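Encoded as C-alpha cells, the structure appears first; notes follow it.
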Amino acid sequence: MATITTTAITGITMVSRKSFNFALYRKLVYNQLINIKRTFMTRRGIFANLLFLFSALVLVEEAFAGAWTVPKHKVWAEYYMKWNYAKEEFTIEGKRKILSTAEKNARSQEFVMEPKIEYGLRDDLNLLFGLEYKESHYKEYGRQLAWGDFARKNHGITNVKFGAKYRLLENPVVLSVQGRIFIYPGYGIYHGDDPAYTNQPSIGKGDDAFELRALIGKKFDINVPFWAEAKLPCYVGAETGYRWRNRHVANDIPYFVEAGFWPVNWLLIKSEIDGYKYHGGTGSIRESYGIWRIGGVWEIFGDSVLREGNKLFNIEFQYGMTVWGKSTTAYQEWVLKAQAQF
C-alpha cells in the first residue's frame, strides 16, 4: 500500500510514495491514453497523445513552476492547449460590446498550443524554451441570405520564446528573476489565394519583445477549523515585471497571482489572475487584459522529495474568462496541460 504526502509548488504538485506499483501506474496512464485518443484524435491532437505515451515510457519525474527551479540536469516539460470562445470584445475605453453588429451574430474562436521546456543548467539556474502555435476563426451566423456567408480563419506559429530563470532565495520564500525573449517568426501573414484568409482574424500583434519578471512563492500548511490535528497544504505565488515590445506595440506590465490548496493528497484546487496592462505613451497599438481562471491538478504519479528529481506526472484542467480589458476580445477559455519532468 503506497504512503502519500504532499508538498506545494506554485501550480505543480509533488506526491511521495514510499512504495510504488509500476504495473498499476502504467495501467492508469494507458487508460488515460485511451480516453484522450477517443476525445482528441484529430490531426492537431496527435502530438499531445504522443506526449502522454512518452511520459509513460520514461517514467516522468518531479515538476516545477513559478518561482521554483528545476534541479541540475533535469528537464521540466509542459504541453499546453487552450480553446477560446467569444461573442464580445472590450473597447479602448474598457467597455464591453458585441463583436461586429447584433444582426450579424458574430463569433470568434481560437485554439492555442505550446510545448514548453525548462532545463536545469544548475540547481538555481534554468534555461527556458517555448513554441506557440495559434489558430483563429471568425464567423457571422446571423447574416441575411442575400449577403452570403462570411467566415474567416488564420493560423501560424506566433511566438518562439527563449529565456532563463535564476533563483535568488529558497527561504523564507522562494524568490527568482526571469528574462525571456519573444520572437515573432512571421507566420499567419499570407496564405495564398484561399478566400477564407482574406481579411483574416488576428493571431498576434506581429512584434518581438523582451520581458523581465520577478517571481515569488511560498508553500505552507494551515490549521483546519474544528479539527486540531488536521493540516491543509496550501501555496501562493505572484509575478510582475516589464515587457519591451517593438513594431509600434505598446510596452506592458505583466501581473500574475495564484493560490491553491490540497483537499485530498492527489488533487490540487487552484485559482489565478493573469494579465498584462499596457504602458501608455510607448506605442500606438495597445492592449490590456485580466483573465481569471480556476481549475484542478490531478496527480497521476509523483514524489515529494524536493529538488531530488524523483518521479512525477500531472494533468491540469482550467476554465477561465477575461474579466476586464482594453482593445481585446472578451474570451472564455478552457485549458488542458500535461506536466512532467525527466
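One rule links them: number in the working numbering = place in the sequence shown (from 1) + 2. In this text, a Cβ means the ideal position worked out from N, Cα and C, and glycines have one as well. Remember, it's a predicted structure, so these values are computed and weren't measured experimentally.
With respect to the C-alpha of E112, the residue from F222, R154, W78 having the closest C-alpha is R154. Under the criterion of beta carbons closer than 8 Å, T71 and S204 do not qualify as touching, at roughly 35 Å.
Listed as beta-bridge partners of A240 by DSSP are I218, V259. Secondary structure at A148: helix, using DSSP grouped into helix, strand and coil. According to DSSP, L127 shares a beta bridge with R124, Y168. Annotation for N86: the continuous beta strand (DSSP E) segment containing it runs 77-88. When rounded, the separation of the alpha-carbon atoms in K106 and H75 is 55 Å.
By the Cβ criterion, the segment 167-177 is in contact with the segment 218-228, since at least three pairs of Cβ atoms, one from each stretch, lie closer than 8 Å. Per DSSP, F303 is one residue of the beta strand (DSSP E) stretching across 290-303.
Put simply, the segment 114-126 does not touch the segment 92-106. Fewer than three CB pairs are less than 8 Å apart. By the beta-carbon neighbour count (other beta carbons within 10 angstroms, threshold 16), R288 is buried.
Nearest to D125 by alpha-carbon distance, out of L147, H281, D254, Y168, is Y168. Short of 7 Å from the beta carbon of E90, and not among the five residues preceding or following it, lie these beta carbons of its own chain, in chain order: R98, K99, I100, L101, A332. By the Cβ neighbour-count rule, T93 is exposed, with fewer than 16 other Cβ atoms within 10 Å of its own.
Check the Cα spacing between E301 and each of V266, H157, E231: the tightest is with V266. Proximity of the segment 145-162 to the segment 232-251 falls short of the contact definition, fewer than three beta-carbon pairs being nearer than 8 Å.
Residue pairing by DSSP places R247 opposite A211 in a beta bridge. A straight line joining the alpha-carbon of Y189 with that of D210 spans about 13 Å. In terms of CA proximity to L269, F315 leads the group G208, F315, N248.
Rounded to the nearest whole angstrom, the CA to CA distance from G282 to V251 is 11 Å. Spatial neighbours of R215 in its own chain (CB-CB distance under 6 Å, excluding positions within 5 residues in sequence) are listed in chain order as Q180, E241, G243. Between R245 and N86, the alpha-carbon positions lie close to 24 Å from each other. Straight-line measurement puts the Cα of L338 at about 32 Å from the Cα of D151.
E95 sits in coil when the DSSP states are folded into three classes, being neither helix nor strand.
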